[in-house]
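**Student:**
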Amino acid sequence: MAGVDVAEAEDVLESGEKLVEDIDRENETVEVLKIRLDDLRHEIEKESGKLEEAVKDVKDLMEKIDEGSVHQEPEMTPEKEREAREEGPRDEEYR
Numbered sequence: 003m004a005g006v007d008v009a010e011a012e013d014v015l016e017s018g019e020k021l022v023e024d025i026d027r028e029n030e031t032v033e034v035l036k037i038r039l040d041d042l043r044h045e046i047e048k049e050s051g052k053l054e055e056a057v058k059d060v061k062d063l064m065e066k067i068d069e070g071s072v073h074q075e076p077e078m079t080p081e082k083e084r085e086a087r088e089e090g091p092r093d094e095e096y097r
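Here the sequence shown is numbered in our numbering, starting from 3 and rising by one per residue.
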């Protein structure tokens with residue numbers, strides 16, 4: 003074989019084999035990432051369903067409040083405020 007340097011051909015072959023190995027590793031990484039992406043997509047769909055259910059529950063509760071079927075009491079009635087002032091702070095570090 004005239005004009006072909008065996009050492010150069012071996013270097014090219016070795017370089018090509020390394021490239022194939024690198025490509026295989028990259029392909030494995032891509033496959034792992036595809037699986038992870040699919041897992042995340044399912045997780046998002048599941049959380050989205052929970053969020054939609056929570057929004058529906060809030061809307062239902064708001065409708066009930068608007069209809070007057072749910073009675074809301076104020077957090078602090080004047081009587082509760084007076085009791086709280088008389089008792090003073092409840093936290094031990096303030097006593």
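C-beta: ideal position from N, C-alpha, C; glycine also.
Tell me the rounded alpha-carbon separation between R87 and M64.
**Tutor:** Straight-line Cα distance between these residues: approximately 33 Å.
**Student:** Between D59 and K66, what straight-line distance do the alpha-carbon atoms span, to the nearest angstrom?
**Tutor:** If you take the alpha carbons of D59 and K66, they lie about 11 Å apart.
**Student:** Just the Cα atoms here: how many angstroms apart are N29 and E69?
**Tutor:** Approximately 59 Å between the Cα atoms of the pair.
**Student:** Got a sec, what are the start and stop residues for the alpha helix (DSSP H) T31 sits in?
**Tutor:** Its alpha helix (DSSP H) spans residues V8 to E69.
**Student:** Consult DSSP for E77 and reduce its assignment to one of helix, strand or coil.
**Tutor:** If DSSP states are grouped into helix, strand and coil, E77 belongs with coil.
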